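So the structure is just underneath, and the comments pick up after that.
Chains as they are written, first to last, in my numbering: chain A, 402 to 497; chain B, 470 to 888.
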């Protein structure tokens with residue numbers, strides 16, 4: 402019968418500690434909603450339509466849409482800072 | 470909040486968790502999202518709005534994020550001293566590349582760490598997309614699994630530094646649907662020291678150092694970086710280079726300065742260069758005329774499914790066989806001359822791209838090219854210097870085109886061996 406040996410687990414979880422997103426539980430009226438368009442086909446239409454519905458039917462104050470230069474790059478630092486400063490909620494797209 | 474198509478829900482959740490937001494609300498739309506018409510998109514927008522409304526009323530997601538206790542010391546596992554059994558366990562836990570591994574026995578990992586004289590918990594970098602901390606100990610464990618010995622560890626430490634450089638764009642390379650892999654180029658004295666193969670079949674099988682270094686880097690990207698196939702690695706097909714992808718330069722057969730010298734290193738330094746690569750394409754050409762060789766190379770580079778042409782932020786490579794390099798050098802061309810000719814003469818008519826990809830190119834390359842008309846000739850990358858040239862391989866009338874991921878720049882780091 403074979404003995405046990407001590408081996409290393411080659412995996413590791415994220416080194417980024419858990420963070421909390423901003424709480425949002427008082428509805429959308431008067432809120433500013435941001436969008437990061439991932440530059441994939443159709444997302445610009447989806448963001449525009451969501452913004453339109455939110456403004457007409459849910460009373461948001463405004464929408465800010467930032468389109469990335471390409472799906473394969475992060476949003477720019479300036480866009481991130483702008484969205485973080487101005488928006489109550491930011492919606493981003495992932496995938497095709 | 471994120472909006473994901475169904476095929477990317479797994480990635481969206483895993484990515485949010487890796488970034489510390491385990492409970493990030495995700496609104497799901499059917500895949501493939503890009504095929505929907507405007508009416509369908511409006512309907513999907515209503516669905517997303519319903520999710521946003523629920524979120525705004527505290528009915529979706531939350532902030533009870535699972536606390537991730539990142540520990541810089543690796544976890545260990547007790548298993549029977551039986552190769553078949555421990556291989557079964559490692560394979561079933563998704564810790565391998567599918568091939569049998571050598572067991573990363575704790576004592577052997579420690580011996581490898583001792584060789585480089587660094588603390589086992591020292592973090593070399595955090596690797597996207599999972600952002601696991603690549604410690605010396607974990608790099609060594611994955612190296613052992615791949616079949617490396619201690620002398621390979623400094624190479625992998627340098628590679629782990631390199632892949633974390635922002636300009637490589639590892640985040641996208643690891644999660645993309647494209648067949649993107651990390652090619653590892655070796656230069657300097659370590660090619661001889663480690664017995665690497667830069668000659669016949671240098672990109673193929675049969676050499677220990679080439680094989681295990683590439684395999685170890687892949688295991689590191691998967692196990693520490695979290696890019697497990699089907700989970701965060703979303704590649705539609707992948708490619709064989711995702712098992713192992715290494716190419717040392719054949720510096721003795723090159724008529725020009727080695728690549729690392731071109732990048733500002735001294736010839737006696739050893740370096741690794743990591744490349745966001747999409748595969749290899751043979752360029753078999755019997756011509757002994759430099760102009761003709763360059764013409765057909767350029768015609769090979771230009772193809773309408775290329776990410777390089779569409780995105781324009783890439784770093785494609787041409788690995789010249791020594792015979793082709795001799796032909797080009799024989800008419801007095803420098804490496805810079807070759808790059809210039811390749812860049813100029815491989816420009817492609819924009820309308821060769823599909824309609825939707827031309828629209829994407831017009832957006833993505835607008836800062837670089839301005840408004841691009843359908844009959845405009847677009848370059849493969851921003852500047853001639855973004856084309857990498859390497860001389861490798863053995864006798865024969867072959868060179869290799871390595872298209873890049875499209876938004877990536879190669880990164881070079883020195884390999885430092887212990888005294």
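The beta-carbon is built from N, C-alpha and C at its ideal position, and this holds for glycine as well. What you are looking at is a predicted structure, and each value in this text was computed from that prediction instead of being measured.
Spell out the partners DSSP gives residue i in its beta bridges.
i	result
residue 477/B	Bridge partners of residue 477/B: none, in fact.
residue 438/A	468/A
residue 547/B	407/A
residue 742/B	654/B, 881/B
Let me know if residue i comes out buried or exposed under the rule of 16 or more other beta-carbons within 10 Å of its beta-carbon.
i	result
residue 793/B	buried
residue 771/B	buried
residue 877/B	buried
residue 824/B	exposed
residue 491/A	buried
residue 438/A	buried
residue 606/B	buried
residue 505/B	buried
residue 829/B	buried
residue 709/B	exposed
residue 746/B	buried
residue 751/B	exposed
residue 820/B	exposed
Does the CB of residue i have a neighbour CB from chain A at under 7 Å?
i	result
residue 692/B	yes
residue 501/B	yes
residue 572/B	yes
residue 602/B	yes
residue 534/B	Unreliable placement is indicated for residue 534/B, whose pLDDT of 44 sits below 50; the coordinate value is still reported in the next sentence. With 7 Å as the cut-off, residue 534/B counts as an interface residue toward chain A.
residue 833/B	yes
residue 599/B	yes
residue 537/B	At residue 537/B, the pLDDT of 47 sits below 50, so the modelled position is not reliable; the number obtained from the coordinates is stated separately. Yes, because at least one Cβ of chain A sits closer than 7 Å to the Cβ of residue 537/B.
residue 783/B	no
residue 611/B	yes
residue 652/B	no
residue 852/B	no
In chain A, which residues lie less than 7 Å from residue i when you measure between Cβ atoms?
i	result
residue 490/B	420, 422
residue 607/B	411, 413
residue 564/B	411, 412
residue 595/B	416
residue 510/B	443, 446, 447, 450
Does any residue of chain B bring its CB to less than 7 Å from the CB of residue i?
i	result
residue 487/A	no
residue 438/A	no
residue 433/A	no
residue 404/A	yes
residue 480/A	no
residue 473/A	yes
residue 416/A	yes
residue 428/A	yes
residue 451/A	yes
residue 484/A	no
Could you check the C-alpha separation between residue i and residue j for me, to the nearest Å?
i	j	result
residue 534/B	residue 407/A	Any reading at residue 534/B needs caution, since the residue's pLDDT is 44, under 50, leaving its predicted position unreliable; the model's value is listed next. Each residue's alpha carbon lies about 32 Å from the other.
residue 857/B	residue 740/B	15 Å
residue 575/B	residue 549/B	14 Å
residue 885/B	residue 658/B	11 Å
residue 798/B	residue 568/B	42 Å
residue 879/B	residue 515/B	43 Å
residue 678/B	residue 651/B	16 Å
residue 624/B	residue 443/A	43 Å
residue 717/B	residue 632/B	17 Å
residue 579/B	residue 603/B	15 Å
residue 669/B	residue 489/B	47 Å
residue 685/B	residue 660/B	17 Å
residue 835/B	residue 449/A	22 Å
residue 496/A	residue 611/B	30 Å
residue 865/B	residue 795/B	12 Å
residue 722/B	residue 477/A	43 Å
residue 842/B	residue 809/B	23 Å
residue 754/B	residue 874/B	25 Å
residue 403/A	residue 564/B	22 Å
residue 889/B	residue 807/B	Lying before the first or after the last residue shown, residue 889/B is absent from chain B, which here runs from 470 to 888.
residue 458/B	residue 420/A	With chain B running from 470 to 888 in the structure shown, residue 458/B is simply not present.
residue 537/B	residue 784/B	Because residue 537/B sits at a pLDDT of 47, beneath the cut-off of 50, its placement in the model cannot be relied upon, and the following sentence gives the value as read from the coordinates. When rounded, the distance between both Cα atoms is 36 Å.
Output, in chain order, the set of chain A residues within a Cβ distance shorter than 9 Å of residue i.
i	result
residue 617/B	Residues of chain A passing the Cβ test: none, with the nearest at roughly 13 Å.
Please list, in chain order, the chain B residues whose beta carbon lies closer than 8 Å to that of residue i.
i	result
residue 467/A	Per Cβ cutoff of 8 Å: no residues; residue 467/A is ~13 Å from chain B at best.
residue 497/A	474, 476, 477, 500, 501, 502, 503, 646
residue 494/A	471, 472, 473
For residue i, go through chain B and note every residue whose CB falls closer than 9 Å to its CB, in chain order.
i	result
residue 455/A	518, 521, 522
residue 490/A	470, 521, 524, 525
residue 407/A	545, 546, 547, 548, 574, 575, 576
In chain A, which residues lie with their C-beta within 8 Å of the C-beta of residue i?
i	result
residue 486/B	415
residue 551/B	403
residue 507/B	446
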